[in-house]
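Novice: Take the sequence shown: its letters are residues 11 to 219, numbered as in the working numbering. By construction, the Cβ of each residue, glycine as well, lies at the ideal position given by its N, Cα and C atoms. All values reported here derive from a predicted model rather than from experimental measurement.
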Amino acid sequence: MQLVLVGATGLVGRHVLALALADARVRSVLAPTRTPLPAHPRLRAPTVDFDDLPQTPGWWRADAVVCALGTTMRVAGSREAFHRVDHDYPLAIARLAHRDGVPGFVLNSAKGAHPRAPFFYSRTKGELEQSLCAIGFDSLTFVRPGLIGGERAQPRAGEQWAGRLLAALHPVLPRGWRINPAVTIAAQLLEAAIARRPGVHVVESGALT
Ligand SMILES: NC(=O)c1ccc[n+]([C@@H]2O[C@H](COP(=O)([O-])OP(=O)(O)OC[C@H]3O[C@@H](n4cnc5c(N)ncnc54)[C@H](OP(=O)(O)O)[C@@H]3O)[C@@H](O)[C@H]2O)c1
């Protein structure tokens, strides 16, 4: 299969890329990024401007898209900027991919995603899920992790603090509240992209421990 991966330089995306390039079922990966990736014979990684995505017909053609794009409110600087990266970019990419005949779309969403969630973060993810449902993919999967575990080049203090707390509480926590390792999330994202089961599917955080 041919895979489009967005967010390939991120914590989860890096794992998806490594798993995909090591998987004989994946013939090629197209990973548009804003920062270059190391070369690989089965990887095409053009640097693109996400405010001006490639529109050429056929540019996004593939069997599935995995989207692990996202930012934080701290990095984005405002709700509007956060919404642009976590909602508008993925939605624009999904529409272009659907236009080019891509049958499967897999989103790294988040626990609690809902269009009427009380928190802006969860509401943004929920709005995106809702908009993606309206596009008409044959196969659509939302993977909804809780706190993601893994090594970041630039550690996030809040995540580290929450990670230590959840690790200490691990034995008594219900599965849905445990840390979700980035590699486990990545494996679910990739399997959903390869399987492309018809319909809309949700993988909750309890299945990602
Ligand atoms: N952190 C958590 O505990 C947690 C929990 C649940 C869900 N999630 C969600 O899971 C997804 C993946 O998380 P992650 O921790 O793997 O994310 P991450 O490490 O922050 O990586 C995010 C990816 O998005 C790209 N990106 C960010 N801003 C961009 C922009 N303005 N233009 C183009 N690309 C941009 C990054 O590219 P660069 O490398 O170029 O910056 C990177 O490839 C996100 O949607 C996040 O909201 C996170």
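Should Pro155 be counted as a contact of ligand 1 given a C-beta to heavy atom distance under 7 Å?
Specialist: One-based indexing of the sequence shown puts residue 155 at position 145. Checking the Cβ of Pro155 against ligand 1 gives yes.
Novice: Under the rule that 16 or more other beta-carbon atoms within 10 Å means buried, what is Leu117, buried or exposed?
Specialist: Mapped onto the sequence shown, residue 117 falls at position 107. It counts as buried.
Novice: What I want to know is whether the C-beta of Leu53 ends up closer than 7 Å to one or more non-hydrogen atoms of ligand 1.
Specialist: Here residue 53 refers to the residue found at position 43 when the sequence shown is read from its first residue. No.
Novice: According to DSSP, is Gln164 part of a helix, a strand, or is it coil?
Specialist: Taking the sequence shown and counting its residues from 1, one reaches residue 164 at position 154. Coil.
Novice: I need the DSSP call for Gln65, collapsed to helix, strand or coil.
Specialist: Along the sequence shown, read from residue 1 onward, the residue named residue 65 stands at position 55. Of the three classes helix, strand and coil, the one that applies to Gln65 here is coil, per DSSP.
Novice: Can you find a heavy atom of ligand 1 that lies under 7 Å from the Cβ of Ala78?
Specialist: In the sequence shown, the residue the question calls residue 78 occupies position 68. Flag set: Cβ of Ala78 near ligand 1.
Novice: Going by the DSSP bridge assignment, what does Gln12 pair with across the sheet?
Specialist: By one-based count along the sequence shown, residue 12 stands at place 2. Looking at the DSSP assignment, Gln12 forms a beta bridge with Ser38.
Novice: Which same chain residues end up closer than 7 Å to Met83 when comparing Cβ atoms and leaving out the 5 residues on each side of it in sequence?
Specialist: Start at 1 with the first residue of the sequence shown, and residue 83 comes out as number 73. Same-chain partners within the cutoff: Phe92.
Novice: What first and last residue would you give for the alpha helix (DSSP H) that runs through Arg105?
Specialist: Locating residue 105 in the sequence shown gives position 95, where the first residue counts as 1. Counting along the chain, the alpha helix (DSSP H) containing Arg105 begins and ends at 99-109.
Novice: Buried or exposed, going by whether 16 or more other CB atoms sit within 10 Å of the CB of Pro184?
Specialist: The residue you call residue 184 lines up with position 174 of the sequence shown. Its Cβ having fewer than 16 others within 10 Å, Pro184 is exposed.
Novice: Under the three-state reduction of DSSP, which class applies to Ser132: helix, strand or coil?
Specialist: Locating residue 132 in the sequence shown gives position 122, counting from the first residue. Of the three classes helix, strand and coil, the one that applies to Ser132 here is helix, per DSSP.
Novice: Please confirm whether any heavy atom of ligand 1 lies closer than 7 Å to the CB of Asp110.
Specialist: Numbered from 1 along the sequence shown, position 100 holds the residue referred to as residue 110. Incorrect: Asp110 has no Cβ contact closer than 7 Å to ligand 1.
Novice: Give the straight-line distance between the Cα atoms of Leu199 and Val85, rounded to the nearest whole angstrom.
Specialist: Working through the sequence shown from its first residue, we reach residue 199 at position 189. Working through the sequence shown from its first residue, we reach residue 85 at position 75. Computed Cα separation, rounded: 25 Å.
Novice: Can you look up Pro155 in the DSSP assignment and give me helix, strand or coil?
Specialist: As a first step, residue 155 is located in the sequence shown; it is residue number 145 there, counting from the start. Residue state, collapsed to three classes: coil.
Novice: Using only the alpha-carbon positions, how far apart do Ala34 and Pro128 sit?
Specialist: Here residue 34 corresponds to residue number 24 of the sequence shown, with the count starting at 1. Here residue 128 corresponds to residue number 118 of the sequence shown, with the count starting at 1. One C-alpha to the other measures close to 43 Å.
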